[in-house]
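First comes the structure, then the notes that go with it.
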Amino acid sequence: MKRLCDKYAAKLATQGLTAPNDPIIGGLDAELVWNRQDPRIEEFSKLFDMLSINSLVFSKPAEPFATILDFLAGRTESAIRPEDTETRTFLHDIPICREFSASAMAASLKQRKAVIIPGEGIISCGTVSPEQGFVFYSSTIFACFVLFFSDYLNRLRNKTLDDEYREAFQQTIKNLPDQHITPPEQALGPFSDEDTVLAAMAESGRHVVGYGLVDSFFGNISYRLNDTVYISQTGSSLDELEGCIDPCPMDGSATTGLTASSELSAHEDVYRRSDYRCILHGHPKFSVIMSMDCDKVDCPNRGECHIKCTECRTVNGIPIVPGEVGTGPTGLCNTLPPAMASSGAAIVHGHGLFTAGANDFNEAFERLLDIENQCRKRYFDMVKSYE
Amino acid sequence: MKECFGWTGTILHIDLTNKKVIHDHPAPEIYRKYIGGKGMAGHYLAPYATREWTDPALPLLIFTGPLNGTIAPTSGRGTIMSRSPLTGAICDTSVGGRLATQLKRAGYDGLVITGKSDTPCGIEILDEDIRITPTALHGATSGKVFTYLESSMPKGASMACTGPAAENGSRLAAVMIDRHHAAGRGGLGLVWAAKNLKYLTVKGTGKTRVHDKEALKETREDIFRLTAASPVLLGQHGFSCWGTGAIFDLMDSRRMMPTDNFQKTRFENAHELNAAAYTKEFTPKKHGCSGCHIMCKKIAQDGRSMPEYETMSHFTALIGNRDMELVLKANDLCNQLGMDTISAGSTLACRREITGQDYTPASLLDALHEMAQGGDLGQGSLDFADTCGQPETSMSVKGMELPAYDPRGAYGMALAYATSTRGGCHLRAYPISHEVLRKPVATNRFSFSGKARIVKIAEDMNAVVDSLTACKFTFLAASLEEYTKAFTAVTGVQISGQDLLKTGERVYYNERIMNAANGFTASDDDLPARFFTEHGTSGGGVDIPPIDREEFLTARANYYRIRGLDENGNPTQEATKRLGLDQ
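Just so you know, the sequences run in chain order A and B. Residues are numbered in the working numbering as their position in the first sequence, beginning at 1, plus a constant of 722. Residues are numbered in the working numbering as their position in the second sequence, beginning at 1, plus a constant of 1.
So this is what it looks like as structure tokens:
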């Protein structure tokens, strides 16, 4: 348990979500263990008596995330409601707890998986592994980041922006991480055997996380070798894909994809419709923000754009399609494949970006990075145009 | 309690000895304390938990939960509970079909059946009209009973019955529900037979009152979105498309498919016998319980039930069979005779190991008929192996045969098998969710680290799920967070998921108290010795060593501490009082 606490504390810092050595992570089996000592542990320990949990994650976010969270929390009464579809599906909303006490934190954690404590940080918990708290922590930051930038643009466009928001925005963009320009060099394809495919997928997954093109470590990645789709497993860490890739025959002769990514159907359909050999899917923040940007304020689908948008929308020619996670009637498995097959890349509304490659992950990664950078540039161009 | 939101406020007591029917209205605090389903059934069982299964005073309990009859997803489940003739421990089974929904619509939160009819009988419930009817169906197969009842009962009525195995005294006797569903485990069918009860039919015309319909709709949409995002449930390789047999390929690739009575963990013919092969051969259609959108049940074109994963595995790998049609025949025969397929398959495997004789199609089906006659084979593997002087060949916990997940391939499963209050059961904590299916996140399946608390929390959570009542499979995608909202929307009771977990803890501890009263101790919370001494089938980069006995015992001791039991696994006064079970 201690090893897991240490692992996820390190990941929070490595991904730039917190300052190094700031996370406090506790895990309980028969004995309660912490990744490090801290005076606040006495209060956190009480939570294990108040809640049926086995792990707890707490940390103050690094900048610019701390500024964003405190700003949004200051303007929200009880809970922040994410606008991106992925965190909305899994988190629903994020309560705000204004008192740093075990009883107050417990009351909020009884409602939701992650809680914002303004000025202090984010606290989240799990019943199986500290990994759950890590994921909820990271998703909270992602959701708030997307909400903050989306809302700023909308208010700017609608001329409802106030000075406080402008100040928070300026403070935030000063601390935005620099964008990556140069993609990494990856194994050259096409690949002809399983071992090479698995190694290339693991390599590319690490780069996607390393370049910050995902929310925590989620997303998915696949490669078609003959009539088998190799795809990352559901909930797998893209930076730790060794042993977490499922081979899924396209002829329906096995159900080994039971643990595969929830987007297996979409990936497989892209391969059926095209000659692409690989697909990358990440959650780059500005691609998600721009996918939700729309000036049709009177649109009858407003509020349900992620499943009902009928407009032919693009970002610099990259199609934006509606669709929810998975295989339901409004699932992206219905909308993504035709868009991908024709353009090799598509953004799913409020969710993330998919790119394909003809031979290997170099092309797919380059497009993933390039589209995110285009979206980031377009965002700030639009901000400038409205100012 | 007068009728309120979610619950009907009425428990029906039927005494088959004197044909008396009593309506009981429990106090609101009883509902708050036990919710419904498994929790309420356990509450009503507790005062009589030490009675023998032959004792007419031992109650047979059939309970619904507050979500039954609402639009909450997968809320069609219910509970059948009593003391197990197979194990002597408590035994509750989550049952599907229409039974719980119809019972609720008829106006009852639960049935408490006691006494013994002087002649074979059926209970027929149509709203307030309750009849105890003599029947000539004694000894009939379940198929014959259903065909007869379908012609005489109102459309949409739910029907439950036993088969000849129960009437012949087999401790593997199941209760069949609406043809395709079973309360299979623990020999509960024998409790029905001990009361001379052959069948139960229920038809209700009422509706469950919902406190906040809009909030329930919103939560329902949240749950639908989560299940749509779940590869295991609605993915193209998931349960909805392929049935629970979808897990067959994973068990093969993880090298944890029990083979040759758990002597090996890989069956070389598995790839020919997976869900895809069955689908190609039998082109099954989808079927589900009331209120379920997942529809994991599959029915062959000729109307036979397709085997669940455990049956697919135990009727092939465990007994050395490679014939899919024989699996369907054996599964159908068990359903007709009213027998638990998991225990039946495992008892066949036990006999095969002892005798060294392989089964032919004819000898396998003959053995199932023999089992249903109630002789040595019909008493389960432990009794049979004991009789043969080789008790170590019974792959059971507390006398209940193990399902098709080899514990050497999943250590949380090993601990959960041992601590399960009803014996060798995978569903109390269902560690397969994180050790194999990666939900909510993946854990190291070859480690006991953290597993004691994970198992305890999961047992509490599933006790809540079985009390609400809902389907455990849904919790591979949704969580108590969403179902607590559904519970509050239906009942109007403001409560958190964490508070519900406390209720789950109470429900589960109550079962430990009942088992302790029947003499169960730490020596019963154990696995067959084979798992600590013999290797599984390693290969393909996966090593399957025996489970380290010391590590297992440490994990079990941790579990006792976390669960609030003493070092011998017995309940303590302190925890009993804390959970309000001392009154």
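For every residue, glycine included, the Cβ atom is placed at its ideal position computed from N, Cα and C. Treat the numbers as computed from the prediction; the structure is a model and nothing was measured.
The segment 247-261 of chain B makes no contact with the segment 483-494 of chain B, as fewer than three CB pairs between them are under 8 Å. DSSP places Phe780 of chain A in the strand class (E or B) of the three-state scheme. Around the Cβ of Ala137 of chain B, a 10 Å sphere holds fewer than 16 other Cβ atoms; the residue is exposed.
Under the DSSP assignment, Met827 of chain A falls in the alpha helix (DSSP H) whose first and last residues are 824-831.
Less than 8 Å divides the Cβ of Gly170 of chain B from the Cβ of Gly375 of chain B. Contact annotation: Asp253 of chain B and Thr115 of chain B have beta-carbon atoms that are not nearer than 8 Å. Sequence-distant Cβ neighbours of His902 of chain A in its own chain, meaning closer than 7 Å and more than five residues away, are Tyr933, Leu1091. Counting only Cβ-Cβ distances below 9 Å, Arg562 of chain B has contacts in chain A at Ala752, in chain order. Gly123 of chain B sits in a strand when the DSSP states are folded into three classes. Chain-ordered, the chain A residues with CB closer than 9 Å to the CB of His435 of chain B read Val850, Ser851. Under the three-state reduction of DSSP output, Pro1059 of chain A falls in the helix class. If the five residues before and after Phe864 of chain A are omitted, its C-beta is found closer than 6 Å to the C-beta atoms of Asp937, all from its own chain and listed in chain order. In this structure His1005 of chain A is buried. Its beta-carbon is surrounded by 16 or more other beta-carbon atoms within 10 angstroms.
Within the segment 976-999 of chain A, contact with chain B at the beta-carbon level (separation under 8 Å) is assigned to Ala976, Thr977, Thr978, Gly979, Leu980, Thr981, Ala982, Ser983, Ser984, Leu986, Ser987, Glu990.
Taken through DSSP and simplified to helix, strand or coil, Asn880 of chain A comes out as helix. Contact between Arg352 of chain B and Leu378 of chain B holds: their C-beta atoms lie close to 7 Å from each other, under 8 Å.
For Trp243 of chain B, the secondary structure class from DSSP, reduced to helix, strand or coil, is helix. For secondary structure counted as the alpha helix (DSSP H) over 4 or more consecutive residues, the segment 328-410 of chain B holds these complete runs in sequence order: 342-356, 362-373, 382-388. For Met1062 of chain A, no Cβ of chain B is located within less than 8 Å of the residue's own Cβ.
When only Cα atoms are considered, Ile845 of chain A and Leu750 of chain A end up about 16 Å apart. Under the 8 Å criterion on CB atoms, Asn275 of chain B is classed as interfacial with respect to chain A. By the Cβ test, the segment 555-566 of chain B is not in contact with the segment 531-544 of chain B, since fewer than three Cβ pairs between them sit closer than 8 Å. The contact set of Gln499 of chain B on chain A, defined by CB atoms closer than 7 Å, consists of Leu773, Ser774, Lys832 in chain order. By the C-beta criterion, the segment 452-465 of chain B is judged to be in contact with the segment 425-432 of chain B, since at least 3 inter-stretch pairs fall below 8 Å. Judged by their CB atoms, Phe476 of chain B and Glu552 of chain B are not nearer to each other than the 8 Å cut-off. When DSSP reads this structure, Leu947 of chain A sits in a beta bridge with A:Thr950. Taking a C-beta distance under 8 Å as the contact criterion, Val779 of chain A and Pro804 of chain A do not qualify as a contact pair.
In the structure shown, Trp756 of chain A adopts extended strand secondary structure according to DSSP, grouped into three states. DSSP places Leu1090 of chain A in the uninterrupted alpha helix (DSSP H) bounded by 1083-1108. Contact between the segment 951-965 of chain A and the segment 1015-1034 of chain A is absent: fewer than 3 CB-CB pairs across the two stretches fall below 8 Å. Secondary structure at Gly979 of chain A: helix, using DSSP grouped into helix, strand and coil. Taking C-beta atoms as the reference points, Gly796 of chain A and Pro840 of chain A count as a pair closer than 8 Å.
Annotation for Cys970 of chain A: the continuous beta strand (DSSP E) segment containing it runs 967-971.
Contact between Asp1082 of chain A and Ala922 of chain A holds, since their C-beta atoms are separated by about 6 Å, short of 8 Å. About 6 Å separates the beta carbons of Ser83 of chain B and Leu62 of chain B, which is inside the 8 Å limit, making them a contact pair. Close to Ala523 of chain B, with beta-carbon spacing below 7 Å, lies no residue of chain A; the smallest spacing is near 16 Å.
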